[in-house]
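J.: Below is the structure I would like to discuss, written out as structure tokens.
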């Protein structure tokens, strides 16, 4: 695994967020305070990248951030709960039926990245809240309008809880009472306001205070690729581009700090704007301007030929850019899962040959057919104080939309159900004040068009996987390709969505969740203790609003040589659970974990970000689930949990498994599809590559063989209540005598508390420094991070890969002290602990998320203590880790992005293997002892730092610190700071400054990376220079405390501040990104996606920048030249004040919003007491806003001069995939006047996936 972002730049394993910024105010990956490689840094992108999509291809690989040098793509170097059922059991309890499956995302154009504690569970419960999803049909609003007398119940019936308290819930004695209760409707969200304008436009308004002074406005038009005719494939996506990017009113919002984007999928097109409620430069409310912009985008786009041509080029580039094997596999799965309907034929990106020929008139006709108010829904979530005012503003903006083109909508069945007419506000007609310039005209009734929305979305017919359906069994389909590395198989079962509207519905979902969580945990703990024949086995049960169905999927991935054994194990475990069911201990354990997590989320009701709530409500409406808030969700969950029995859990869960456990029986549900994705060639030890042979009958035989495997009941497992007993703790305290000591030799105080930031700094007698901050951001919850200096940079020439393999070995083993991996994971489940362990270039990092309920914080500290004191290193875990990285290395040639990035990284860093995947030769030299020593030599007091943020008291946190960190044995110092082998950029001249990778493939595709040296975050260059000495006439060392921020010495203060280069380079990255978008993408049309990112290290005295760009083989050279011109053109094309102001506003608003996140605050504390980062101090946190506001254009140019962009320093590598031979491509490039240096052919593949509009 490459710690470096560049190397692993795995294509787009996660599709970008529809919520990513407009690239003209683009989000920079550089964070000024938070080290870029920490999980917390990725969490900082939460508002921009909301939903993680994990692609499992062979190994579990997670692409974090954008695919560029500065964003680390890593295999998931997981933790002591690699398949932790805490994740399964929810970080988002309320949406119990909103499961996600991997294959589904092919149908959704834009996907999102999640933040720090990634829910990688097979059955993730969405993060948004303890809502149990909502159905529009029966969710009226409380007080929608002045004349609205009808108010729905928004609370649980008091009699329900009274009966509970009286013990009326014995299923045998009180069946009638129980049935009445289970048939009762769930309460609706008390703050969710719904309404409908006279022209049919529906709207939903939810006041939400996080983030403060901001709101989300999403216009959902109920049209997608499923509505396209045979000659219109991709036209909905084309309209999304043209309407969104052609809007002048949207462009006017860019200077306000608003962000916007758009996406299209099977059944809808969404335009969204994330905006401040007002701005300092404006006295007015921004909501009317945002609504007016959405009105223009949705209903009054200008289909100018110039804009159509510009977006045609962008979409064609996007189509080629998405040419990844991951996307192609997803397409195969969807095509066979939905072979009976149009979902298999209408991927939103469309067909290239059709996209090339549409004119503006054809696009306009599709828009007129589908884009009308009655076919749209507006979602408004955020810091909205006055609901009535917001309703008035919605009416003003949209009330007259298209009234000159359509007849008043007739009352037809809708998603709001029969009561809809009584649930909308009675607003006066003819409200004036619309901000749209279009004026109403007299209407000729003969020219009006009656338009109605679909009653059901998506409008397709499914063939369900139901018993006795009379369907003919489908043979397994095999998708074989040279770019596939490992074997994977998906067995699908497709049934109708069961909308969650009653207590009984919620109870059914809860029972399924408990049942499937047990299966997930069993497989991923029992077999991880040995060398399993599979890489992963997952059983997923998911509702999909986009596809209009519920799908259960058994997914098995394995090394090709083990595929039959892997299938047998998966089928055997499914049959075991079906036959014997979950145990009493499992039922109690998972039920308790769900209740605890639900209670925790209910306590955090005021901390849920608006975008999370909004996404959840949109999906809930599509599925017709009832939407509840977190408290309601918890109360309802507790109520139904009281009624659950072991027998019902097992019988309900067993039904989900029948398509596997009863495979081949006439009474069993038929799988909707079986799809195996396999390589064409496999690597054999000593024989090289050989053809991989497999056929459909062999797959069926492997499934049937699994059905015949012997079955034994699951034994109950003893789960420790604590890892360190009270008596053991007392002994430790007597032996180690933990205490707090002076912070340093220079600072004699034993504690430093900063009132402005609320940060406390401490140091333990064993040398471990500790930072903590008490905050109410997340009620009764907390996060903790251990940072150990060194990371991969500490690897020597004789131990290449030792750190990364060692950390993975520790994670794979999962044992501490006398406790097995299974016991440790269940300990985490019981205490709702989420834990991760990973390494990067500079550090080893261990991170915990915990709740303070039921001693959760003490449990997390106990686990940390055991890792530091009693780690267990297992030989089989070491062998598995080596095999994982060997697989990673062999997969590089099968990815255009990774192979291109890998080559560039080796060239730029002079072949330094610490920043790339370890080679097979290096892996072969490693031993268990060598990796253990390499990792544990970094774990000593002064080289470690622990930071904690959460809702605890000073007494609680300091007790845990002393008891569990203070009792860690003081280790002998290992001088990591001086043992690093130097990191060197390749000197010039060199023939490796420009390179090219060529991959033979059926379809054309191209990408490029451009990179070069930059300073680190604290002003040190790769040449060893202290840049502060160069930019100031006198030394700043020791002088900062005497410099005050006053008008007469602002510049002096700014340029002596340790964060000067972090701030100015961050602003510079924003400005460069804006210029790249407007020049390379928008003006020249050479790419769909271009991005600049900085990798600013903290401990290493260097950094680098990277530009990643995707294009076509015919345009990629021009795109690279254009990127270089933008990068070097800041002197000839001076930075304007408006550019700096926009960058400043973007970063300030992001910082303000993210300070509500514990994970972000945790990142701010990183390195605060690290001796290897001496310039990091409290001023770097306190002065951040001040520094943003004080930065001038001159300051930006001071930083820019140390960004080395000359020919001698700049490296670039172009990757090209296509059918042409390298010689043919050389001739083509000669025709375009470029230069080409062919490299070895490797292999690449097809794509049709689209990306976010900006």
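Residue numbers (this note's numbering): 69 to 1322. Think of the CB as a built atom: it goes at the ideal place given N, C-alpha and C, for glycine as much as any other residue.
Assign residue 798 to buried or exposed, taking buried as 16 or more other Cβ atoms, counted over all protein chains shown, within 10 Å of its Cβ.
T.: Within the chain shown, the letter at position 730 stands for residue 798. Exposed is the call here.
J.: Classify residue 783 as buried or exposed, calling it buried when 16 or more other Cβ atoms lie within 10 Å of its own Cβ.
T.: On the chain shown, residue 783 is found 715 positions in, with the first residue counted as 1. Exposed, because fewer than 16 other Cβ atoms sit within 10 Å of the Cβ of residue 783.
J.: Name the residue from 863, 1077, 1267 whose alpha carbon lies nearest to the alpha carbon of residue 1279.
T.: Stepping through the chain shown from its first residue, residue 1279 is reached at position 1211. Taking only the C-alpha atoms, the option nearest residue 1279 is 1077.
J.: Below 8 Å, can you find three or more Cβ-Cβ pairs linking the stretch 536-553 to the stretch 951-965?
T.: Flag = yes, the stretch 536-553 and the stretch 951-965 touch.
J.: Out of curiosity, what's the CA-to-CA distance linking residue 1267 and residue 258?
T.: Taking the first residue of the chain shown as position 1, residue 1267 is located at position 1199. Taking the first residue of the chain shown as position 1, residue 258 is located at position 190. If you take the alpha carbons of residue 1267 and residue 258, they lie about 51 Å apart.
J.: Only counting the same chain, and skipping five residues up and downstream in sequence, which positions put a Cβ closer than 8 Å to that of residue 675?
T.: Reading the chain shown from its first residue, position 607 is the one you call residue 675. For residue 675, where only same-chain residues beyond five positions count, the Cβ hits under 8 Å are 278, 845, 846, 847, 1224.
J.: Is there contact between the stretch 1005-1024 and the stretch 826-839, where contact requires at least three CB pairs shorter than 8 Å?
T.: Yes, the stretch 1005-1024 touches the stretch 826-839.
J.: Round the Cβ separation of residue 1211 and residue 1138 to the nearest angstrom and send it over; I've been treating them as touching at under 8 Å.
T.: Residue 1211 sits at position 1143 when you count from the first residue of the chain shown. Residue 1138 sits at position 1070 when you count from the first residue of the chain shown. Their Cβ separation, rounded to whole angstroms, is 4 Å, which keeps residue 1211 and residue 1138 in contact under 8 Å.
J.: What span of residues does the alpha helix (DSSP H) with residue 946 cover, start to end?
T.: On the chain shown, position 878 is the one that residue 946 refers to. Per DSSP, residue 946 belongs to the alpha helix (DSSP H) from 943-959.
J.: Using the DSSP secondary-structure output, state which residues sit across from residue 611 in a beta bridge.
T.: As a working mapping, residue 611 is identified with position 543 in the chain shown. 618, per the DSSP bridge assignment.
J.: Specify the secondary structure class of residue 89 as computed by DSSP and reduced to three states.
T.: Stepping through the chain shown from its first residue, residue 89 is reached at position 21. Confidence in residue 89 is poor, its pLDDT being 36 and thus under 50, which makes the residue's placement too unreliable to answer from.
J.: Among 593, 584, 1250, which residue has its Cα nearest to the Cα of residue 726?
T.: The residue you call residue 726 lines up with position 658 of the chain shown. It is 584.
J.: Tell me which same chain residues have a C-beta within less than 8 Å of the C-beta of residue 1094, skipping the five on either side of it?
T.: The count along the chain shown starts at 1 and reaches residue 1094 at position 1026. Result list for residue 1094: 1087, 1088, in chain order.
J.: Give the C-beta separation of residue 686 and residue 1022 to the nearest angstrom, bearing in mind that I take them to be a contact with Cβ-Cβ under 8 Å.
T.: The residue labelled residue 686 in the question sits at position 618 within the chain shown. The residue labelled residue 1022 in the question sits at position 954 within the chain shown. At roughly 42 Å, the Cβ-Cβ gap does not stay under 8 Å, so residue 686 and residue 1022 are not in contact.
J.: For residue 1086, does the three-state DSSP call read helix, strand or coil?
T.: The residue given as residue 1086 occupies position 1018 in the chain shown. Three-state DSSP puts residue 1086 in coil, outside helix and strand.
J.: Look at the alpha carbon of residue 440 and the alpha carbon of residue 463, and state the distance between them as a whole number of angstroms.
T.: Residue numbering aside, residue 440 sits at position 372 when the chain shown is read from its first letter. Residue numbering aside, residue 463 sits at position 395 when the chain shown is read from its first letter. Rounded to whole angstroms, residue 440 to residue 463 spans 15 Å at the Cα level.
J.: Does residue 415 pass the burial test, meaning 16 or more other C-beta atoms within 10 Å, or should it be called exposed?
T.: Against the chain shown, residue 415 aligns to sequence position 347. Classification of residue 415: buried, given that the 10 Å Cβ count is 16 or more.
J.: Rank 851, 1241, 312, 1051 by C-alpha distance to the C-alpha of residue 15 and give the top, closest one.
T.: Any property of residue 15 remains undetermined from this structure, which presents the chain solely from 69 to 1322.
J.: With DSSP as the reference, label residue 594 as helix, strand or coil.
T.: Along the chain shown, read from residue 1 onward, the residue named residue 594 stands at position 526. If DSSP states are grouped into helix, strand and coil, residue 594 belongs with the helices.
J.: Would residue 624 and residue 605 be called neighbours here (beta carbons separated by less than 8 Å)?
T.: Counted from its first residue, the chain shown places residue 624 at position 556. Counted from its first residue, the chain shown places residue 605 at position 537. Yes, these two residues count as a Cβ contact at 8 Å.
J.: Where residue 525 and residue 295 are concerned, what is the direct C-alpha to C-alpha distance, given to the nearest angstrom?
T.: One-based indexing of the chain shown puts residue 525 at position 457. One-based indexing of the chain shown puts residue 295 at position 227. Those two C-alpha atoms are separated by around 10 Å.
J.: Leaving out the 5 sequence neighbours to the left and right, which residues in its chain are closer than 7 Å to residue 575 when beta-carbon positions are compared?
T.: To locate residue 575, count along the chain shown from 1; it is residue 507. Same-chain partners within the cutoff: 250, 708, 711, 712.
J.: Which residues mark the beginning and the end of the alpha helix (DSSP H) in which residue 532 is found?
T.: The residue you call residue 532 lines up with position 464 of the chain shown. Careful: residue 532 lies outside any alpha helix (DSSP H) and carries neither H nor E.
J.: CB-CB under 6 Å to residue 929, same chain, minus the five flanking residues each way: which ones, in chain order?
T.: By one-based count along the chain shown, residue 929 stands at place 861. Closer than 6 Å at the Cβ level, and outside the excluded window around residue 929, lie 1028, 1032.
J.: What residue range is occupied by the uninterrupted alpha helix (DSSP H) comprising residue 876?
T.: Locating residue 876 in the chain shown gives position 808, where the first residue counts as 1. Its alpha helix (DSSP H) spans residues 870-881.
J.: Is the beta carbon of residue 1323 sitting closer than 8 Å to the one on residue 363?
T.: As displayed, the chain neither begins before 69 nor continues past 1322, which places residue 1323 out of reach and without an answer.
J.: Helix, strand or coil for residue 503 per DSSP?
T.: The sequence position of residue 503 within the chain shown is 435, counting from 1. Unreliable placement is indicated for residue 503, whose pLDDT of 38 sits below 50; no coordinate value is reported for it.
J.: Which ranges would you report for the beta strand (DSSP E) in the stretch 1210-1294 if only whole runs of at least 3 residues count?
T.: You should have 1279-1286.
J.: Just confirm the distance between the C-beta atoms of residue 582 and residue 717, as a whole number of angstroms; I'd bet it's less than 8 Å.
T.: The residue labelled residue 582 in the question sits at position 514 within the chain shown. The residue labelled residue 717 in the question sits at position 649 within the chain shown. Confirmed, Cβ separation roughly 6 Å.
J.: At the level of alpha carbons, what is the spacing between residue 747 and residue 628?
T.: In the chain shown, residue 747 corresponds to position 679, counting from 1. In the chain shown, residue 628 corresponds to position 560, counting from 1. Taking the straight line from one Cα to the other gives about 8 Å.
J.: How is the alpha helix (DSSP H) around residue 822 delimited, first residue to last?
T.: Indexing the chain shown from 1 puts residue 822 at position 754. Looking at the DSSP string, residue 822 is not in any alpha helix (DSSP H); the run it does join, the beta strand (DSSP E), is 820-822.
J.: Rounded C-beta distance between residue 1148 and residue 1184? I'm assuming under 8 Å.
T.: By 1-based counting over the chain shown, the position of residue 1148 is 1080. By 1-based counting over the chain shown, the position of residue 1184 is 1116. In fact, because the Cβ distance is near 11 Å, the residues do not count as touching under 8 Å.
J.: To the nearest angstrom, how far is the alpha carbon of residue 1059 from that of residue 291?
T.: Residue numbering aside, residue 1059 sits at position 991 when the chain shown is read from its first letter. Residue numbering aside, residue 291 sits at position 223 when the chain shown is read from its first letter. Their backbone Cα atoms lie some 52 Å apart in a straight line.
J.: According to DSSP, is residue 606 helix, strand or coil?
T.: If you number the chain shown from 1, residue 606 lands on position 538. Correct three-state label for residue 606: strand.
J.: Using three-state DSSP, classify residue 1336 as helix, strand or coil.
T.: This structure cannot speak to residue 1336, because the chain is shown only from 69 to 1322.
J.: For residue 305, count the other beta carbons within 10 Å of its own beta carbon; 16 or more makes it buried, fewer makes it exposed. Which is it?
T.: In the chain shown, counting from the first residue as 1, residue 305 sits at position 237. With 16 or more Cβ atoms within 10 Å of its Cβ, residue 305 is classed as buried.
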